[in-house]
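This report refers to the structure that appears directly beneath it.
Numbering (our numbering), first residue to last: 6 to 340.
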């Protein structure tokens, strides 16, 4: 179900090798770059089930991680690509068993699939969270707490867990609080840009983003929006921030505010086109693509979205893409 550089795992998940990097697409929209690969993980996992319960544990004991700083493993991008394809396909075939992928990928990917309506993902999402809690592997439990995945379980569902698990959760949470408090004291000692003007406030936002303090970023930007209700940079920042966290409605709100001021802002138009595609408004998405190309015929980045529209059987997108390719071929012949 794939070509040399594209592999379709399901109707939701596609992997693409782009510029030597493996990217994951969910329903045609870029989800995440695959940053590293644990070599032969499925085979190792199957042969050592009693020793290692998950890829998270394997990552700690194996020296095959490309993320390891001192590792000097020369793997061709194509080989790495097919390794990722194999691992993701195994994960899907095992009903999204989060033990088969690293937690940093397994849970966000499962959550995204749940959000877009994957029936299997919806069915097993809570089950997979509870399953990892029952395994009592502390690094995974810490991750689930820090990333707020426990909020998806009801009080009754958490209460039904074994008492030893609940006790472990309390211990891990207390430890996280202690570490967080120490970190907050450290951050308070850092120099944060001060001032009430728009330039200094935006500098502060950038500083907070660098420190991954996104809750404060949200508060800061919403406060800026209140103080400077017509500032286009604030619209852009808010749109990008909500887009990053997959909040289509709010990101669309701020991109549209920006476009009311700058109707030919190609960046904002391209983001709105992607959001419309995510929400299922295929025709609107295609019209926006054409509008972008009318403004700037050289903005070829948007062709990727048109290609996805064509693959989703949008007739006009397919016709446009075919015509574009034909025109390029003719131009190459003339040159």
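Glycine included, every Cβ here is placed at the ideal spot set by N, Cα and C. These numbers come from a predicted model, not from an experiment.
Check: C-alpha gap between residue 148 and residue 109, whole angstroms; Outcome: 8 angstroms
Check: For residue 60, the residue or residues it bridges with in DSSP; Outcome: Residue 60 pairs with nothing; no bridge assigned.
Check: C-alpha gap between residue 241 and residue 80, whole angstroms; Outcome: 39 angstroms
Check: The alpha helix (DSSP H) enclosing residue 22, as first and last residue numbers; Outcome: It is not in any alpha helix (DSSP H) - residue 22 instead sits in the beta strand (DSSP E) that spans 18-23.
Check: Selection from 219, 273 and 59 that minimises the alpha carbon distance to residue 307; Outcome: 273
Check: Where residue 37 sits in the DSSP three-state scheme; Outcome: strand
Check: Whole alpha helix (DSSP H) elements within the region 248-308, 4-residue minimum; Outcome: 253-266, 271-283 and 287-300
Check: Through-space distance from residue 211 to residue 88, alpha-carbon basis; Outcome: 36 angstroms
Check: Secondary structure of residue 146, DSSP reduced to three states; Outcome: helix
Check: Inter-residue CB distance, residue 18 and residue 93 (contact presumed, cutoff 8 angstroms); Outcome: 6 angstroms
Check: Beta carbon of residue 219 nearer than 8 angstroms to that of residue 244; Outcome: no
Check: Within 8 angstroms, strictly: CB atoms of residue 20 and residue 90; Outcome: yes
Check: Cα-Cα separation, residue 151 to residue 302; Outcome: 45 angstroms
Check: Whole-angstrom distance between residue 180 and residue 82, CA atom to CA atom; Outcome: 40 angstroms
Check: Residue 86, enclosing beta strand (DSSP E) - first and last residue; Outcome: No beta strand (DSSP E) holds residue 86; the alpha helix (DSSP H) holding it covers 82-98.
Check: Which of helix, strand or coil DSSP assigns to residue 10; Outcome: coil
Check: For residue 30, three-class secondary structure by DSSP; Outcome: strand
Check: Whether residue 60 touches residue 105 by CB criterion (8 angstroms); Outcome: yes
Check: Residue 101 beta carbon less than 8 angstroms from that of residue 137; Outcome: no
Check: Three-state secondary structure assigned by DSSP to residue 101; Outcome: coil
Check: Distance between residue 145 and residue 289 (C-alpha atoms, nearest Å); Outcome: 41 angstroms
Check: Three-state secondary structure (DSSP) of residue 69; Outcome: In this prediction, residue 69 scores a pLDDT of 42, lower than 50, which makes its location untrustworthy; no coordinate-derived value is stated.
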